[in-house]
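Residue numbers (the numbering used here): 69 to 475. In what follows, a single structure is set out as structure tokens and then discussed.
Put into structure tokens, the structure is as follows:
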């Protein structure tokens, strides 16, 4: 028998499990056997041979079909690729491959909202009801609480309704209003501001607010405000009806299905053994319609573009100096039973790096930028999650961070 919606938990990184667990993994450094330490005064070491070896070792261990990494520092770029773009295929992964960035999209939606704050068109303390009158308790939920996940609104991607629909109607085209309605129909997790809970409903509402203020689709807003100014020519939020990826691209794979994996990202013991033996293969999720993720996770990019994006996100250029400083200062420890994950206004801080993680079925990615040491790390994999439940790109990034910062 299926459990109720509130007792089940989706494994995607546009859900609590996907991002918060990935952030906790990075901060505790579990793949490396110790925490990622480093301080603003600590020296960093970028050893290309070590980074490439650790990347390849973990990619193989996690049994991902393909992966890519980019580490940038004042010493130059270190890049590496692993495997193939299609399970059983022969096309090697390249740095030009497009992939779905998942919840890294949230940093883009958050940036648009902060640009509107900067322009005086919206304020962080404004109640949501000012812009969206049909949000329950919207008079007491602020724009800032949507940005930093303190609204209390339930997460629509953790509902049985959505996960069932994704399994039964993988090509369904979702509207943002449908997504928001699913989250708003659920009982709130807590009163606004009383706690912290990662919820995609927050970001979808922010996307709807941006569209209302700008009078344009979010995809156009992203293009004009973010992608064009930064020269992100390989990055886009596709139309809701478009489930394709531009060439070249990597396929994306996941084990089992959405409903059966809501309880845990880790496969049952018998299936895990078969996956390790290669007798249980993941399914191809490449062309499943991603409109269900929209403002919370719908963007497509490349490793080079995502590096440019996170460098601007953490280093400045998207906001004026004052608001940029306030955004970086907004990150604070979130009250969950995990090792010191930190979150702020549509941005996370992971060790010394500002950025985010992202996951859709078949794709896991990590992006981070350290503005003090000018270190950038971007990793993606075309399996998400791994058979043992770990987010593969975040696991690899953990090891890279430990190699650079010590631990």
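Glycine included, C-beta positions come from ideal geometry on N, C-alpha and C. This one's a predicted model, so the numbers in the text were calculated from it and none came from an experiment.
- Residue 377 carries a helical assignment under DSSP once its states are collapsed to helix, strand and coil.
- Our two residues, residue 454 and residue 169, have alpha carbons roughly 17 Å apart in a direct line.
- With contacts defined by Cβ atoms closer than 9 Å, residue 372 and residue 428 do not form a contacting pair.
- Straight through space, the alpha carbons of residue 312 and residue 403 are spaced by roughly 38 Å.
- Taking the Cβ atoms as the reference, residue 308 lies roughly 7 Å from residue 242, within the contact range of under 8 Å.
- Taking a C-beta distance under 9 Å as the contact criterion, residue 290 and residue 399 do not qualify as a contact pair.
- Residue 225 and residue 196 have their C-alpha atoms roughly 21 Å apart.
- Counting only runs of at least 4 residues, the stretch 178-221 fully encloses the following alpha helix (DSSP H) elements, listed from N- to C-terminal order: 211-215.
- For residue 374, the number of other beta carbons within 10 angstroms of its own is at least 16, and it is reported as buried.
- The stretch 199-210 and the stretch 277-286 touch, with three or more beta-carbon pairs separated by less than 8 Å.
- Residue range 244-252 is occupied by the alpha helix (DSSP H) that includes residue 251, with no beta strand (DSSP E) assigned at that position.
- Around the beta carbon of residue 167, a 10 Å sphere encloses 16 or more other beta carbons of the protein chains shown; the residue is thus reported as buried.
- When beta bridges are read from the DSSP output, residue 446 appears opposite 138 and 435.
- Residue burial is scored here from C-beta neighbours: residue 207 has fewer than 16 other C-beta atoms within 10 angstroms and is therefore classed as exposed.
- Counting the other Cβ atoms within 10 Å of the Cβ of residue 115 gives fewer than 16, which makes it exposed.
- Contact between residue 457 and residue 334 holds: CB atoms are separated by about 3 Å, below the 8 Å threshold.
- Annotated three-state conformation of residue 347 is coil, per DSSP.
- Secondary-structure assignment with DSSP links residue 427 through a beta bridge to 432.
- For residue 369, the three-state secondary structure derived from DSSP is strand.
- Judged by their CB atoms, residue 178 and residue 413 are nearer to each other than the 9 Å cut-off.
- In the structure shown, residue 277 adopts helical secondary structure according to DSSP, grouped into three states.
- The beta carbon of residue 204 sits closer than 7 Å to those of 252, all from its chain and outside the five residues before and after it, given in chain order.
- Using a 10 angstroms sphere on the CB of residue 324, the tally of other CB atoms reaches 16 or more, which defines it as buried.
- Annotated as proximal: residue 153 and residue 318, with beta-carbon spacing under 9 Å.
- In this structure, 228 is the residue among 380, 228, 274 and 422 with its C-alpha nearest to the C-alpha of residue 331.
- Counting C-beta atoms within 10 angstroms of its own C-beta, residue 258 has fewer than 16 neighbours from the protein chains shown and is therefore classed as exposed.
- With contacts defined by Cβ atoms closer than 9 Å, residue 135 and residue 150 form a contacting pair.
- Annotated as proximal: residue 354 and residue 320, with beta-carbon spacing under 9 Å.
- For residue 417, the enclosing beta strand (DSSP E) stretches over residues 416-418.
- Shown here, residue 157 sits in coil according to DSSP, grouped into three states, outside any helix or strand.
- For residue 148, the uninterrupted beta strand (DSSP E) segment begins and ends at 144-151.
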